[in-house]
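Step one of this worksheet: look at the structure below.
Residue numbers (the working numbering): 1 to 274.
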């Protein structure tokens, strides 16, 4: 299945980065969150990506055009002929389509603008590209295919530390507790969609607002609830949290590090660029 990644957003709540970089290029360790997300999808066999570019899309193009697998994979350098022998691959079998979808376009508009690249797809995947999870994608897809729905989204518990307050009409507090303890779920930004989704989107609309509202009215929107790991790169606090997990090698979203991963390949060789 093709994977549509919405990469046009600004890091407006990460002001130290917002003027210089596209949000999907914010790094966790030494790789951008976009790389981590694509690696997640590739682990489940989905390696055909469509990047919906917007703000500083040139940086995303440049990142992949100049990507060097030797910087993120184990390799042996044969000094005699300056040959690099890669012992693993991470992006070698990825297909990436780069599409300029506008600087200020909504998510719905960005999806409409890549419709022609999905002409032969009965189903496809999509993601906001600012969050990571260990949600079992294969199970989510199977759940979706077993239902008469047009769209499925991952719903997760809010990781925010705010406290929810429930009060009586006279203002008397009935209960109070952390948002993560409430039976309240939010849109996790991981989607499975059928091509019929385009019949529900109008120009200028946000995907999760009017289009999803129409799907709800038609009983065509379902959710895959997930209580495992999920976190969004939304604030500087989130950035620090991701970097801390990377430094401690405690990264639940790295499902590809499972020893039974099918992605182990035979070594390949190439000469380094000069």
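Glycine included, C-beta positions come from ideal geometry on N, C-alpha and C. From a predicted model like this one, the values you see are computed outputs, not experimental measurements.
Does DSSP put residue 94 in a helix, a strand or coil? Here residue 94 is taken as the residue at index 94 of the chain shown, counted from 1. Three-state result, residue 94: coil.
Could you check the C-alpha separation between residue 159 and residue 230 for me, to the nearest Å? As a position in the chain shown, residue 159 is number 159, starting the count at 1. As a position in the chain shown, residue 230 is number 230, starting the count at 1. Each residue's alpha carbon lies about 8 Å from the other.
What is the residue span of the beta strand (DSSP E) that residue 191 lies within? In the chain shown, the residue the question calls residue 191 occupies position 191. Counting along the chain, the unbroken beta strand (DSSP E) around residue 191 starts and ends at 185-194.
Helix, strand or coil at residue 254 [DSSP, three-state]: To locate residue 254, count along the chain shown from 1; it is residue 254. Coil at residue 254, not helix or strand.
In three-state terms, what does DSSP make of residue 269? Locating residue 269 in the chain shown gives position 269, where the first residue counts as 1. Because residue 269 sits at a pLDDT of 38, beneath the cut-off of 50, its placement in the model cannot be relied upon, and the point is left open.
Taking the continuous alpha helix (DSSP H) assigned at residue 213, which residues delimit it? As a first step, residue 213 must be located in the chain shown, where it is residue number 213. Its alpha helix (DSSP H) spans residues 210-217.
Decide if residue 20 is buried, meaning its Cβ has at least 16 other Cβ atoms within 10 Å, or exposed. Counted from its first residue, the chain shown places residue 20 at position 20. By the 10 Å Cβ count, residue 20 comes out exposed.
Contact set for residue 112: own chain, Cβ-Cβ below 8 Å, skip 5 residues either direction: Stepping through the chain shown from its first residue, residue 112 is reached at position 112. The beta carbon of residue 112 sits closer than 8 Å to the beta carbons of 198, 201 and 203 from its chain, once the five residues preceding and following it are set aside; these are given in chain order.
Could you tell me if residue 250 is buried or exposed, where buried requires 16 or more neighbouring beta carbons within 10 angstroms of its beta carbon? Along the chain shown, read from residue 1 onward, the residue named residue 250 stands at position 250. Counting of Cβ neighbours within 10 angstroms places residue 250 among the exposed residues, the total staying below 16.
Distance cutoff 8 Å, beta carbons only. Does residue 234 sit that close to anything in chain B? In the structure shown, chain B does not exist; there is a single protein chain.
Whether or not the segment 56-69 and the segment 22-29 are in contact is what I'm after, with contact meaning three or more pairs of Cβ atoms, one per stretch, closer than 8 Å; do they touch? Because the criterion of three Cβ pairs below 8 Å is met, the segment 22-29 and the segment 56-69 touch.
Can you look up residue 27 in the DSSP assignment and give me helix, strand or coil? Taking the first residue of the chain shown as position 1, residue 27 is located at position 27. Residue 27: strand per DSSP, three-state reduction.
Do the CB positions of residue 50 and residue 2 come within less than 8 Å of each other? What you label residue 50 is simply residue 50 of the chain shown in a count that begins at 1. What you label residue 2 is simply residue 2 of the chain shown in a count that begins at 1. The answer is yes: Cβ separation under 8 Å.
Cut-off 8 Å between Cβ atoms - residues of its own chain near residue 275, not counting five sequence neighbours on either side: A query on residue 275 cannot be resolved here, the shown segment of the chain reaching from 1 to 274 and no further.
Exposed or buried, residue 184, counting other C-beta atoms within 10 Å across all chains shown (16 or more means buried)? As a working note, residue 184 is residue 184 in the chain shown. Here residue 184 is exposed. Its C-beta has fewer than 16 other C-beta atoms within 10 Å.
To the nearest whole angstrom, what separates the beta carbons of residue 129 and residue 242, a pair I think is in contact under 8 Å? Stepping through the chain shown from its first residue, residue 129 is reached at position 129. Stepping through the chain shown from its first residue, residue 242 is reached at position 242. The Cβ separation is near 14 Å, so there is no contact.
What are the boundary residues of the beta strand (DSSP E) that includes residue 2? Against the chain shown, residue 2 aligns to sequence position 2. Residues 2-7.
Just to check my reading of the structure: residue 126 and residue 221 have Cβ atoms closer than 8 Å, yes? What is that Cβ distance to the nearest angstrom? Within the chain shown, the letter at position 126 stands for residue 126. Within the chain shown, the letter at position 221 stands for residue 221. Actually they do not touch by this definition, with Cβ atoms about 14 Å apart.
Reduced DSSP category for residue 241 - H, G, I as helix; E, B as strand; rest coil: Here residue 241 refers to the residue found at position 241 when the chain shown is read from its first residue. Helix at residue 241.
Nonlocal neighbours in the same chain, by C-beta distance under 6 Å from residue 261, ignoring five residues either side: Reading the chain shown from its first residue, position 261 is the one you call residue 261. With a pLDDT of 43 at residue 261, under the threshold of 50, the predicted position of this residue should be treated as unreliable, and no value is reported.
N- and C-terminal bounds of the beta strand (DSSP E) containing residue 131: Here residue 131 is taken as the residue at index 131 of the chain shown, counted from 1. Residue 131 -> beta strand (DSSP E) spans 131-133.
Taking the continuous beta strand (DSSP E) assigned at residue 126, which residues delimit it? Within the chain shown, residue 126 is the residue found at index 126, counting from 1. Run containing residue 126: 123-127, per the beta strand (DSSP E) assignment.
For residue 176, the three-state DSSP class (helix, strand or coil): Here residue 176 is taken as the residue at index 176 of the chain shown, counted from 1. Residue state, collapsed to three classes: strand.
Between the segment 136-152 and the segment 206-220, are three or more C-beta pairs nearer than 8 Å? yes
With C-beta atoms as the reference, is residue 133 less than 8 Å away from residue 188? Stepping through the chain shown from its first residue, residue 133 is reached at position 133. Stepping through the chain shown from its first residue, residue 188 is reached at position 188. In this structure, residue 188 lies closer than 8 Å to residue 133 by Cβ.
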